[in-house]
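A quick write-up on the structure given underneath.
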Amino acid sequence: MNFQEILERRQSCRSFDFEKKIEDQKLQRVLDAARLAPSACNAQPYELFVAQGAVAEAVAKTRAIGMNKFMEQCNTFIILSEDSYNLLAKIGAQIQSKHYKSIDIGIAAAHIVLAAAAEGLETCIIGAFSEKKLQEILHTHNKITLIIAIGYGSEQNILREKQRKPFNELIKYLR
Numbered sequence: 001m002n003f004q005e006i007l008e009r010r011q012s013c014r015s016f017d018f019e020k021k022i023e024d025q026k027l028q029r030v031l032d033a034a035r036l037a038p039s040a041c042n043a044q045p046y047e048l049f050v051a052q053g054a055v056a057e058a059v060a061k062t063r064a065i066g067m068n069k070f071m072e073q074c075n076t077f078i079i080l081s082e083d084s085y086n087l088l089a090k091i092g093a094q095i096q097s098k099h100y101k102s103i104d105i106g107i108a109a110a111h112i113v114l115a116a117a118a119e120g121l122e123t124c125i126i127g128a129f130s131e132k133k134l135q136e137i138l139h140t141h142n143k144i145t146l147i148i149a150i151g152y153g154s155e156q157n158i159l160r161e162k163q164r165k166p167f168n169e170l171i172k173y174l175r
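Numbering (UniProt numbering), first residue to last: 1 to 175.
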C-alpha cells in the first residue's frame, strides 16, 4: 500500500478478533514507528505500555461505563502516558504556555495507528477510561493520555466510507 491507501484504509475498529494474535515482528515495527516519531526538542515525554494476556483483559475493564464495549474483544493495547520533558522542552513549554506532551503523544499515536494500518492491523484510539484503575494496573502515577486498541479486525469489521469535511471547507490557502 502507498501512503494515500493507508490513510484511506485506516479507521477506528470496533470489532476485533480476540483469538488472532499480533505477530511479534509486526508489533515491534508499530512500536518502532512511535519511537521514531518527532517530538518537541526530541524529548519524547511519554512512556508506552504494551498490555497483552491477562493485563489486556484488565485494561479492557477500565473502559468508561457503557462505552467501548468492543475493548473486551481486543487482545492487545498500547497505553501512552506522560513522562518528563527534557530541560529544553520544559523551558520551551513554560515560555510558550503550551502542553507539548499532549502534542507529542498525539504525534506518536498517529505514527502507531498508521504503522498498524500498513501492517494490516486495526486500531482504535480510546480516551474514555478510568485513569486511576489503569494507573494501578500499570503501576504508574504518570498521567495516562490514551489507550490504543490494536489487533486484527473480526469479520464484522468492514471498511466504512469516511465522513469528513470537504477539502475547501477545511483547508484555507493564504497567498
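Ideal Cβ positions, reconstructed from N, Cα and C, are used throughout, including at glycine.
**OP:** In the DSSP assignment, find the unbroken beta strand (DSSP E) run with Ser-81 in it and report its ends.
**Re:** Under the DSSP assignment, Ser-81 falls in the beta strand (DSSP E) whose first and last residues are 76-82.
Original post:
In three-state DSSP terms, what is Ser-12?
Top reply: Looking at Ser-12 - three-state DSSP - the assignment turns out to be strand.
Original post:
Looking at the unbroken beta strand (DSSP E) that takes in Ile-91, where does it start and where does it end?
Top reply: From DSSP, Ile-91 is part of no beta strand (DSSP E) but of the alpha helix (DSSP H) over 87-96.
Subject >> Residue nearest to Leu-36 in terms of C-alpha spacing, selected from Cys-13, Ala-108 and Gly-151 >> reply: Ala-108
Subject >> Ile-126 in three-state terms, based on DSSP >> reply: Three-state result, Ile-126: strand.
Original post:
Are three or more beta carbon pairs between the region 40-49 and the region 150-162 nearer than 8 Å?
Top reply: The region 40-49 vs the region 150-162: no contact.
**OP:** Give every residue of the same chain whose Cβ lies closer than 8 Å to the Cβ of Phe-16, excluding the five residues on either side of it in the sequence, and list them in chain order.
**Re:** Phe-70, Gln-73, Cys-74, Asn-75, Glu-122, Ala-149, Gly-151, Tyr-152, Gly-153, Ser-154 and Asn-157
Subject >> N-terminal and C-terminal residue of the alpha helix (DSSP H) that Leu-134 is part of >> reply: 131-138
Subject >> Limits of the alpha helix (DSSP H) - the one that Gln-28 falls within >> reply: 24-35
Subject >> Separation of Lys-20 from Asp-104, as counted between CA atoms >> reply: 31 Å
Original post:
Does DSSP put Glu-19 in a helix, a strand or coil?
Top reply: DSSP places Glu-19 in coil when its eight states are reduced to three.
Original post:
Straight-line CA distance for Gly-53 to Met-67?
Top reply: 21 Å
Original post:
According to the neighbour-count rule (16 or more other Cβ atoms, all chains shown, within 10 Å of its Cβ), is His-99 buried or exposed?
Top reply: exposed
Subject >> Tyr-46, enclosing beta strand (DSSP E) - first and last residue >> reply: 46-52
Original post:
Once you ignore the five residues that flank Ala-64 on each side, which residues in its own chain have a CB closer than 8 Å to its CB?
Top reply: Shown here for Ala-64: same chain residues with a beta carbon closer than 8 Å to its own, the five before and five after excluded, namely Ala-128, Phe-129 and Ser-130 in chain order.
**OP:** Figure out for me which residue from Gly-92, Ile-79 and Leu-170 has the closest Cα to the Cα of His-139.
**Re:** Ile-79
**OP:** Use the C-beta contact count for Phe-77: other C-beta atoms within 10 angstroms, 16 or more gives buried, fewer gives exposed.
**Re:** With 16 or more other Cβ atoms within 10 Å, it is buried.
Original post:
Does the Cβ of Ser-39 have 16 or more other Cβ atoms within 10 Å, making it buried, or fewer, making it exposed?
Top reply: Under this definition Ser-39 is a buried residue.
Subject >> Local Cβ density within 10 Å of Pro-166, reported as buried at 16 or more and exposed below that >> reply: exposed
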